[in-house]
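So the protein sequences, as listed, match chains Y and Z. Take the first sequence: its position 104, counted from the start at 1, is 104 in the working numbering, and no numbers get skipped. Quick note, the working numbering runs 161 ahead of the 1-based positions in the second sequence.
Number of protein chains: 2
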Amino acid sequence: MRAEAVEADLGWALGTVFRGYLRATEEALAGLPGGPRGYQVLTSAARCEPTRQLVMAQHLGVDRTVMTYLIDDLENAGLVERRPDPADRRARLLSATERGLARLVEANRAMRAAEDRVLGALDPRERDRLRELLRKVAMADAAPDNPCAVVQEAAALDGTC
Amino acid sequence: MRAEAVEADLGWALGTVFRGYLRATEEALAGLPGGPRGYQVLTSAARCEPTRQLVMAQHLGVDRTVMTYLIDDLENAGLVERRPDPADRRARLLSATERGLARLVEANRAMRAAEDRVLGALDPRERDRLRELLRKVAMADAAPDNPCAVVQEAAALDGTC
DNA sequence: TATTGTTATACTCTATAACTATA
DNA sequence: TATAGTTATAGAGTATAACAATA
């Protein structure tokens with residue numbers, strides 16, 4: 001044989017799944033400023049402790065200049081709010097509004113349905129396994145220089161704030 | 162609690178892993194025209210039967226106009242070649258040159274090392290499992306309208322052409 | 001002087017729509 | 001008329017650098 005099929009390539013699978021996921025979620029999140037990325041910002045903003053923009057940007061893998069636009073749009077829609085960090089008035093703390101939390105509940109529902117469609121080829125056990133493995137890889141990549149990780153691990157354990 | 166952590170989000174994990182993968186492979190494939198996408202085109206072109214551009218473009222998830230540029234660059238580097246399909250002279254059949262095959266062997270080595278770094282948080286069994294699950298989801302997404310799938314499945318079975 | 005967030009500019013991708021040559 | 005591939009154009013998205021406020 002001359003070469004392996006491209007289907008054996010991790011990059012092909014990852015790219016195909018990623019594109020499929022984007023397509024499905026852009027549809028599910030129609031109307032939400034920033035689409036899937038706006039959803040991630042909103043999710044992060046809905047955390048117990050308000051988070052600084054830069055920390056969030058790094059954690060979500062978006063440039064800090066892009067983060068400004070994303071938050072502008074979400075703030076204009078009344079879903080999140082910025083306020084200066086008392087500990088360092090250069091920084092802005094981001095938190096979700098009541099309206100943002102309500103919108104997030106709705107978005108979560110749509111996202112769960114979209115994800116089920118994307119992972120339609122897998123049975124429930126396989127879906128959980130895939131989520132777990134992806135999360136493990138992603139956490140390892142994000143953790144080293146991310147102070148959030150510990151807090152989030154802890155929050156995940158007891159499921160509360 | 163107010164909301165789940167963003168780490169529980171499939172989109173966050175998928176995006177983070179995908180970005181990490183891109184970063185690692187762009188580095189590993191430095192000098193290869195088209196980077197990771199050029200690598201996928203080259204891999205597809207190295208198949209037993211030459212493939213039409215459009216079929217390949219759809220399977221790789223790139224626009225046909227982008228495919229033209231990608232192939233132009235690979236052809237200028239002497240790694241692939243186009244020739245008219247005798248069965249339909251509008252179409253071009255793409256195949257790898259000897260030089261392209263040699264470059265692919267080298268690229269495969271670099272890619273395996275890069276992927277091992279990206280999946281560093283997983284043990285060998287988990288890596289195989291992740292590949293398998295992603296491939297399953299991707300194949301389901303690509304298969305319905307993709308005539309390649311059957312051929313490639315068959316080729317994967319006996320590992321030859 | 002270094003850092004957070006913002007703004008402005010330039011660049012790179014991508015999507016759309018012609019255009020050709022075949023069918 | 002419809003399709004494969006190419007080319008040209010416009011738009012979206014992204015990266016870079018400069019700037020203001022604060023440390």
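We put the CB at the ideal spot given by N, CA and C, even for glycine.
For the region 9–20 of chain Y, the set of residues with a beta-carbon nearer than 8 Å to any beta-carbon of chain Z comprises D9, L10, G11, W12, A13, L14, G15, T16, V17, F18, R19, G20, in chain order.
In the DSSP secondary-structure assignment, Z:S256 is bridged to Z:E242. For the 7 Å CB-CB criterion, Z:Q214 and Z:R253 form a contact.
DSSP places Z:R208 in the coil class of the three-state scheme, outside both helix and strand. The beta carbon of Y:T25 lies closer than 7 Å to those of P36, M111, A114 in the same chain, with the five residues before and after it left out. Close to chain Z, meaning a Cβ-Cβ distance shorter than 7 Å, are the following residues of the region 36–55 of chain Y: P36, Q40, T43, S44, A46, R47, C48. The region 68–83 of chain Y makes contact with the region 99–111 of chain Y, as at least three CB pairs between them are under 8 Å. Beta-carbon to beta-carbon, Y:L74 and Y:G38 are separated by about 6 Å, close enough to satisfy the 8 Å threshold. The beta-carbon separation of Y:A5 and Z:R180, rounded to 25 Å, does not stay under the 8 Å limit for a contact. For Y:R90 and Z:P194, the gap between their C-alpha atoms comes out near 43 Å. Judged by DSSP in its simplified three-state form, Z:D289 adopts helix.
Considering only Y:A28, Y:W12, Y:M56, Y:P84, the residue with the shortest C-alpha distance to Y:R109 is Y:A28. The continuous alpha helix (DSSP H) containing Y:G20 extends over residues 10–28. For the C-beta of Z:M300, the chain Y residues within less than 9 Å are, from N- to C-terminus, E7, A13, T16, A121. In this chain, the alpha helix (DSSP H) harbouring Z:A218 covers 214–221. Cβ contact annotation for Y:D9 (same chain, cutoff 6 Å, sequence separation greater than five): none. With respect to Z:A174, Y:L119 sits apart: the two C-beta atoms are not nearer than 7 Å. The three-state reading of DSSP puts Z:D233 in helix, counting H, G and I together.
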